[in-house]
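Chains as they are written, first to last, in the working numbering: chain E, 1 to 156; chain G, 157 to 588; chain D, 589 to 742.
We put the CB at the ideal spot given by N, CA and C, even for glycine.
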């Protein structure tokens, strides 16, 4: 084997490694947190460094759903529809206190945490969270994706 | 002829914010449009009735979340009017400076998506870059980037830090650079002109009938600015212009906003010159807070300057009277008094404890300021208790969005995007 | 000035509020002719909102109009007392933004505007029951549109 480079790995971890760096995200932006989401995406903080720069505005091509901002009861069916349209494997990030618990808005109009509507993988607290927190959460999500049992098959 | 129904939003790449537009199409032309709002209705007005006057301030941040300080300002001014409080001059100047920073970030955040949605992504990056430097100033002074709750009833939360002038100069220089670059990329760009000139036109009569205010009204050539018509703070001592458009189309709205950014920077520079220098904070012997509290419990007074938590920087006793009104009945005492004296403690708790708190006399006020989108006014009804009886926001963007359907009818479907973007729809303010 | 003119014509009582904006109480049936007159000077309808005085006043609601005169640089406030179930004239033929503003008042308070072209909910959804800004609507009474995965509050 002199002069040749090779790696040994399992297919499982190879897929995990590949998936973790090719996050296609769907930003479901509704409110204030969108401002910090924009900041995290733009040049100063540059979410692209972590392989999550490409936003897809159709749920069918995305694999991480960023729920950015307050979800009201009026909007809840829309969010669930978007989630259901995404293909497996899929992950959900709850961005900001409103999506985590309802935050300041404990009232008739606001959903008290989006995990009442769809399952959530990563919660980012903060009202709104600073971009550093967002990047930290993204790294944690990548770890989660890498360690997960990967769903894959060779057959169509 | 067969008509087609098309639904745009509420989650759509060009609908930044949540709004739904249902259009009836003949080919690519819109025959009829129906705008559905309310997807971000968070019950602000109802919630405010269940909070004390001070607790409402964080909620006002999240109304027009692109220029939170202007919302703070309108609310604080309304409550001050109910209470009859005079705000010290330094606080007024600070309110002006930070209000104008907010206005710049508001306009930048409006222009960024216009560019992005018309294919000029670089404009987005330049605008957000400038906004970061402005937010650095906010961050250093208020401790938060976006939802600052900086303007309080009776004054502002904290004095500026020592490196404020340097930060501000850097931010203004960077903003000027970005504005110049955006002008270079968009203002004479043929593609941009084709997409915005003569599209989404509003006549002056329609603008008035729809209750437009702010940049959107001024783009039709109508001279109305709350800062000029009903001067508040020290706007009458400042030399600035109110940029006007001519045709009231998308391009004029973009241009008015760009020119207003420049005027806001002029206001900030003049205000920084006119504002008196703050006191130099001397480094005396420092006493830890717990030592002072311990001494106070024994009935003694510990000499020396109190070491405050870094979060409280800028509200030391030596500057507190410069940034907060001296009305013990309504204004929290400086932290030094709270830790060291019984009177300070009682004053603090009288204002914070439920059932006590700030109690404005019964009455009603409507106080407007010039917000990012136009006349932003708070209508507050007080019944003499510690919670407002009714809080209502006169949202400029609500009236503006009510015209959207008429503005896009008869145009092509592609024109919805620049028209909508140039109106600067902000969900928090629209739906409340 | 049109204010003195309408004061005489409709025999309105003027009341100055804390903010110095002249305030008038107007009987419901005079609202439309009064606004028509005021529109000559006050070009902009700033705002329509309402206040619920449940158990505090004889007539439950007060609808509050704010007008702005750009030429005269002043504002005026007109209030109309409305009892529960009573209707009030629409201004949507005078100002175009009255359409949405009145829809919001209807949505939040349940006050109906007679002659409104399209009176339906604007901020909330059609299946929502009740009007949240009424004082007897509980703050935390939510009405989910879809089946939730878990109860919202414990």
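Under 7 Å from the C-beta of residue i: neighbouring residues of chain B
| i | result |
| --- | --- |
| residue 78/E | Protein chains in the displayed structure are E, G and D, and chain B is not among them. |
Any chain E beta carbon closer than 8 Å to residue i
| i | result |
| --- | --- |
| residue 720/D | yes |
| residue 195/G | yes |
| residue 172/G | yes |
| residue 264/G | no |
| residue 584/G | yes |
| residue 198/G | yes |
For residue j and residue i, the rounded distance between their alpha carbons
| i | j | result |
| --- | --- | --- |
| residue 551/G | residue 653/D | 14 Å |
| residue 159/G | residue 187/G | 9 Å |
| residue 558/G | residue 708/D | 14 Å |
| residue 248/G | residue 303/G | 20 Å |
| residue 364/G | residue 147/E | 60 Å |
| residue 271/G | residue 635/D | 32 Å |
| residue 141/E | residue 54/E | 16 Å |
| residue 214/G | residue 305/G | 6 Å |
| residue 232/G | residue 307/G | 7 Å |
| residue 19/E | residue 50/E | 12 Å |
| residue 640/D | residue 606/D | 20 Å |
| residue 58/E | residue 327/G | 36 Å |
| residue 449/G | residue 498/G | 10 Å |
| residue 71/E | residue 114/E | 7 Å |
| residue 463/G | residue 698/D | 55 Å |
| residue 531/G | residue 668/D | 24 Å |
| residue 300/G | residue 467/G | 11 Å |
| residue 556/G | residue 154/E | 55 Å |
| residue 362/G | residue 739/D | 47 Å |
8 Å Cβ cutoff met for residue i and residue j
| i | j | result |
| --- | --- | --- |
| residue 229/G | residue 260/G | no |
| residue 670/D | residue 649/D | yes |
| residue 42/E | residue 138/E | no |
| residue 413/G | residue 401/G | no |
| residue 527/G | residue 110/E | no |
| residue 112/E | residue 101/E | yes |
| residue 600/D | residue 633/D | no |
| residue 203/G | residue 727/D | yes |
| residue 515/G | residue 542/G | yes |
| residue 481/G | residue 311/G | yes |
| residue 195/G | residue 164/G | no |
| residue 565/G | residue 220/G | no |
| residue 435/G | residue 474/G | yes |
| residue 509/G | residue 490/G | no |
| residue 279/G | residue 349/G | no |
Per-residue burial, residue i [other beta carbons within 10 Å of its own, 16 or more giving buried]
| i | result |
| --- | --- |
| residue 354/G | exposed |
| residue 253/G | buried |
| residue 393/G | exposed |
| residue 608/D | exposed |
| residue 336/G | exposed |
| residue 152/E | exposed |
| residue 172/G | buried |
| residue 275/G | exposed |
| residue 324/G | buried |
| residue 589/D | exposed |
| residue 11/E | exposed |
| residue 383/G | buried |
| residue 347/G | exposed |
Any C-beta of chain G under 8 Å from that of residue i
| i | result |
| --- | --- |
| residue 64/E | no |
Chain D contact for residue i (CB, 8 Å cutoff)
| i | result |
| --- | --- |
| residue 356/G | no |
| residue 547/G | no |
| residue 238/G | yes |
| residue 136/G | With chain G covering only 157 through 588, there is no way to say anything about residue 136/G. |
| residue 385/G | yes |
Any non-hydrogen atom of the ligand MG within 7 Å of residue i CB
| i | result |
| --- | --- |
| residue 132/E | This structure lacks the ligand MG, and indeed carries no ligand of any kind. |
- Task: Determine which residues of the stretch 200-228 of chain G have a Cβ less than 9 Å from any Cβ of chain E, and write them out in chain order.
- Result: Within the stretch 200-228 of chain G, the qualifying residues are 200, 202, 203, 206, 214, 215, 217, 218, 221, 222, 224.
- When Cβ atoms are compared, which residues of the stretch 624-640 of chain D fall closer than 9 Å to chain E? Cβ contacts with chain E come from no residue of the stretch 624-640 of chain D.
- Could you name the residues of the stretch 413-427 of chain G whose beta carbon sits closer than 7 Å to any beta carbon of chain D, in the order they occur along the chain? none
- Message: Against chain E, which members of the stretch 283-309 of chain G pass a CB distance test of less than 7 Å?
- Response: 284, 285, 288, 301, 302, 303
- Under 7 Å (Cβ pairs) to chain D, residues found in the stretch 512-524 of chain G: 519, 520, 521, 522, 523
- Query: Using a Cβ cut-off of 9 Å, which residues of the stretch 712-740 of chain D contact any Cβ in chain G, in chain order?
  - Reply: Listed by position, the residues of the stretch 712-740 of chain D near chain G (Cβ gap below 9 Å) are 712, 713, 720, 721, 723, 725, 727.
- Query: In the stretch 653-676 of chain D, which residues sit with their C-beta less than 8 Å from some C-beta in chain G, listed in chain order?
  - Reply: 654, 656, 658, 661, 663, 665
- Message: What are the residues in the stretch 123-148 of chain E lying within 7 Å of chain G by C-beta distance?
- Response: 127, 128, 130
- Item | Residues within the stretch 71-97 of chain E neighbouring chain G, beta-carbon criterion of under 7 Å | 72, 74, 75, 78, 82
- Item | Residues from the stretch 589-620 of chain D in contact with chain G, defined by Cβ distance under 7 Å | 605, 606, 607, 609
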